[in-house]
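Residue numbers (my numbering): 1260 to 1392.
Set out below in structure tokens:
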């Protein structure tokens, strides 16, 4: 199909391209889904961040490329929970290929959906994960 370019006249005014709005909407949707994924500083220029009150020892901190601060503390202040204290018949040992940092961690018994089977953990992970059979 061939299309002719149309020129703006008094009878047919030029339409604004919706493309810039689509880009802004896409960036804002990404920001809402994952605040660290925002790549455009323009996306943050229209966002008013709320006043953030964090429970101690967390503090409002701007991290990554997100527009607003989040409650955060470094690992030496708040350690990562590796489920070491859980006592349950539904836990199991870590995967044989888990990194040394997983020592003492506990995993939950894996139940994979139809068409998947237990497999290795994701990179850096401690526990088995479901993979396509």
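Yeah, the Cβ is synthetic: ideal placement off N, Cα and C, and Gly gets one too.
Values in this document were obtained by computation on a predicted structure and should not be read as measured data.
- Put simply, of 1316, 1378 and 1321 the residue whose alpha carbon is nearest the alpha carbon of residue 1332 is 1316.
- With respect to the 9 Å criterion, residue 1319 and residue 1330 are classified as neighbours on the basis of their beta carbons.
- About 6 Å separates the beta carbons of residue 1354 and residue 1386, which is inside the 8 Å limit, making them a contact pair.
- Around the beta carbon of residue 1305, fewer than 16 other beta carbons sit within 10 angstroms, so the residue counts as exposed.
- Per DSSP, residue 1391 is one residue of the beta strand (DSSP E) stretching across 1388 to 1391.
- In the structure shown, the three-state DSSP call for residue 1330 is strand.
- Here residue 1308 has 1326, 1327 and 1328 as same chain residues with Cβ atoms under 8 Å from its own Cβ, once five neighbours each way along the sequence are excluded.
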